[in-house]
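Notes follow the structure.
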Amino acid sequence: MTTTDLDPRPDGQPATTGLPLVIAHRGNSSVAPENTLAALESAWRVGADVIEIDLQLTADGVAVVIHDETVDRTTNGAGRVDRLTAAQVADLDAGDWFSDHFGGQRVPTGEDLLAFFVAHPPICLLAEFKGPWGTEEVRQVTDAVDLMGLADRMVVQSFDVATVEALRAAAPELPRGLLVDELPEDLLALCRELRVMTLNPSGRLLRREPDLVDALHGEGLRTMVWTLDEPAHWAAAVAAGVDGIITDRPDRLRGWLAAR
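Residue numbers (full-length UniProt numbering): 1 to 260.
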């Protein structure tokens with residue numbers, strides 16, 4: 001799988017490879033602590049095409065790689081991410097909760113994250129911006145992406161429409177995605193307005209709306225479904241024609257696809 005598979009084709013139609021991209025959810029999060037460099041390294045080693053991660057802002061406006069609004073579940077600390085400074089977050093252990101073997105893993109900064117991808121070609125990055133971000137706030141990430149030459153290996157996405165708009169304003173050349181768990185009113189019009197290249201639904205929504213993928217492909221949009229970890233769910237997603245499967249089990253999904 002090449003990095004160009006993430007991009008829309010010039011004719012506006014999705015690239016069709018026959019098999020979906022293997023997208024590692026928060027890294028290889030079934031075998032290493034999610035959203036850490038160890039989980040990213042594992043995803044790269046098992047042959048994932050893309051790594052999906054989460055970005056949030058600290059109290060002093062630094063992008064860090066963590067999913068929850070608080071640090072409680074995935075570190076040895078406590079408190080809201082947006083009320084802790086980047087230095088405070090950097091002091092936390094983000095691996096010991098998962099296993100003693102991973103003690104000492106840290107919460108990566110956005111800079112750490114991008115440095116990993118520079119050092120680990122050709123794997124691509126699917127970066128979710130959690131919650132509301134303004135245009136200037138997203139620039140710290142998008143400007144670094146441009147500086148480090150990663151624009152052709154990255155898709156940015158969010159559930160928050162205003163954040164997708166901020167990403168469009170800050171870096172119109174970066175491919176964008178909209179995450180959904182429910183279908184918004186006039187979905188296709190919203191996708192056109194945001195100029196996204198992918199609409200990424202939950203597995204639950206896709207099961208409820210089996211014609212969604214065909215409708216998106218008809219508009220030249222891609223779709224990457226989240227978060228599917230069982231072969232029966234992978235089979236249904238492949239049958240629906242999805243372009244990527246986001247999973248906690250990228251190693252198993254890679255093997256399952258190879259056996260088809």
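The beta-carbon is built from N, C-alpha and C at its ideal position, and this holds for glycine as well. All values reported here derive from a predicted model rather than from experimental measurement.
Buried versus exposed call for residue i [16 or more other C-beta atoms within 10 Å across all chains shown]
i           : result
Ala52       : Looking at the sequence provided, one finds Glu at residue 52 rather than Ala. Per the 10 Å Cβ criterion, buried.
Ser99       : exposed
residue 270 : Absent from the model: residue 270. The displayed extent of the chain is 1 to 260, so no value can be given.
Gly110      : buried
Asp248      : buried
Beta carbon of residue i nearer than 8 Å to that of residue j
i      : j      : result
Leu21  : Asp49  : yes
Leu199 : Leu174 : no
His120 : Trp44  : yes
Val196 : Ala240 : no
Leu113 : Val161 : no
Cys191 : Leu221 : yes
Ala59  : Thr85  : yes
Pro33  : Trp97  : yes
Gly255 : His233 : no
Val81  : Gln56  : yes
Collapsed DSSP secondary structure at residue i in the structure displayed
i      : result
Ala90  : helix
Trp256 : helix
Trp226 : strand
Ser202 : strand
His101 : helix
Gly177 : strand
Ala78  : coil
Asp214 : helix
Val65  : strand
Glu219 : coil
Phe116 : helix
Ala144 : helix
Ser29  : coil
Asp54  : strand
Inter-residue Cα distance where the pair is residue i and residue j
i      : j      : result
Leu125 : Ala78  : 28 Å
Glu209 : Val156 : 24 Å
Val145 : Gly27  : 19 Å
Gly18  : Ala87  : 45 Å
Glu182 : Val31  : 30 Å
Leu92  : Thr75  : 6 Å
Ala259 : Arg153 : 27 Å
Leu37  : Ala94  : 10 Å
Pro184 : Val238 : 24 Å
Val138 : Ser29  : 25 Å
Asp243 : His101 : 35 Å
Lys130 : Gln140 : 15 Å
Leu158 : Asn35  : Residue identity check: residue 158 is Ser in the sequence provided, not Leu. Using only the alpha carbons, I get a separation of about 16 Å.
Pro108 : Leu257 : 31 Å
Asp251 : Pro201 : 22 Å
Leu228 : Thr135 : 32 Å
Ala236 : Asp186 : 25 Å
Ile245 : Arg207 : 14 Å
Thr163 : Phe117 : 23 Å
Val89  : Arg83  : 10 Å
Gly103 : Leu194 : 41 Å
Asp211 : Leu205 : 11 Å
Proximity test, Cβ basis, 8 Å: residue i and chain B
i     : result
Asp96 : The structure shown contains no chain B; it holds only a single protein chain.
> How do the segment 149-162 and the segment 64-82 stand: do at least 3 beta-carbon pairs fall below 8 Å, yes or no?
Replying inline: no
>> Would you call the segment 123-140 in contact with the segment 167-183, where contact means no fewer than 3 C-beta pairs closer than 8 Å?
In response: Because the criterion of three Cβ pairs below 8 Å is met, the segment 123-140 and the segment 167-183 touch.
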